[in-house]
Amino acid sequence: TRTDWNPSVTPTIDGKWTTTDEWTLNGEPTEIAGVVVFRSVWEFTSMTEVYDTWLVEFLNDTTNSPGDYWQMCIDGDQSGGATPATTDYRIDIVNHTTLVVYKGTGTGWVETTPPASIVWNNSLSASPTNSTPHWILELRFNKPDLEAAANWNFRLAVYDSSTGALLSWPPTSRDVPDRWGVQGYQMAVVPESLSLGV
C-alpha cells in the first residue's frame, strides 16, 4: 500500500525535473530494488476530472535500447481477480516513443484507443536523485477516464532491454490484478519526513 498526495507545485510533464524542487515535496517516494524511485500526486478539478501525475526514475538505465518500456496497470475499482477484468487498463510506453493502451477482456488484454487525458514525456536526464543522466518518465492521466476511484490498485513496471532487467512494484505479474498494490490518498501535501535521500 502507498499514498497519493496533493502537489506542492503542479508538475510540468516534460520527462525531467523542470526545477530542482519540482518533486522534492511532491509525492511519497517509493523504491524498487534500490534502482527505481517513483512518486505520484493527485489533483481534484471536478467529479469528472481527477488527475494523477507520476514521476518514475530508472536510476541505472542510461542507454536508449529498443524494447525498453514503462508500464502502468490499473484496477480502478479494486475488484482484483486472477485475470484482467473489463474495467482494468494497462498503459505501455514502448521504446521511449510510443504510447499503447490496453483494456482487460476478462481473460487477457486487448488494445484500445488511449484517452486524450494521458500525457507523458520521458528523457535521459540528470536529477536531484542521481547526477548521472538516466531515464525519467512523467505521466499524467485523468482517473475517471480509466475507471479509477478515489482508492485504486495498480502495478508499475520498468524494463531495460539492454540488461533484461524487469522491475515492478509490487513484484508481481501484469496479468493478475489480485496481486497488484493499493493506492490510497491524502488531501494534503506530502510531509517533509517522507522525502527520500539517495
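Be aware that the sequence shown starts at 32, since it is given in the numbering used here, and climbs by one per residue. Where is the CB? At the ideal position from N, CA and C, for every residue including glycine. These figures come from a predicted structure and were not determined experimentally.
Three-state secondary structure (DSSP) of residue i
{"i": "R210", "result": "helix"}
{"i": "L130", "result": "strand"}
{"i": "D35", "result": "strand"}
{"i": "L227", "result": "In this predicted model, L227 has a pLDDT of only 48, less than 50, meaning its place in the structure is not dependable; the value taken from the coordinates is given anyway. Reduced to three states, the DSSP call for L227 is coil."}
Residues that DSSP places opposite residue i in a beta bridge
{"i": "E74", "result": "Y82"}
{"i": "W54", "result": "Its beta-bridge partners do not exist; DSSP assigns none."}
{"i": "S204", "result": "Paired residue(s): none; S204 is not in a bridge."}
{"i": "G215", "result": "T34"}
{"i": "V40", "result": "Partner(s): none; V40 has no beta bridge."}
{"i": "T169", "result": "As written in the sequence, residue 169 is Glu, which differs from the Thr given in the question. Answer is L86, N152, bridged to E169."}
{"i": "L197", "result": "Y190"}
Endpoints, the beta strand (DSSP E) within which residue i is located
{"i": "E62", "result": "61-63"}
{"i": "R186", "result": "183-191"}
Integer Cβ distance of residue i from residue j, believed to fall under 8 Å
{"i": "L155", "j": "N95", "result": "7 Å"}
{"i": "W166", "j": "R186", "result": "Contact doesn't hold; Cβ gap of about 19 Å is too wide."}
{"i": "N173", "j": "P146", "result": "7 Å"}
{"i": "L177", "j": "A188", "result": "Actually they do not touch by this definition, with Cβ atoms about 17 Å apart."}
{"i": "W85", "j": "S71", "result": "5 Å"}
{"i": "G98", "j": "S204", "result": "Not really, about 19 Å apart at Cβ, beyond 8 Å."}
{"i": "G135", "j": "D209", "result": "Contact flag wrong, Cβ pair sits at about 13 Å."}
Exercise. What runs of the beta strand (DSSP E), each 3 residues or longer, lie entirely inside the segment 81-167?
Worked result: Qualifying beta strand (DSSP E) stretches, in chain order: 100-106, 119-125, 129-135, 140-143, 150-156.
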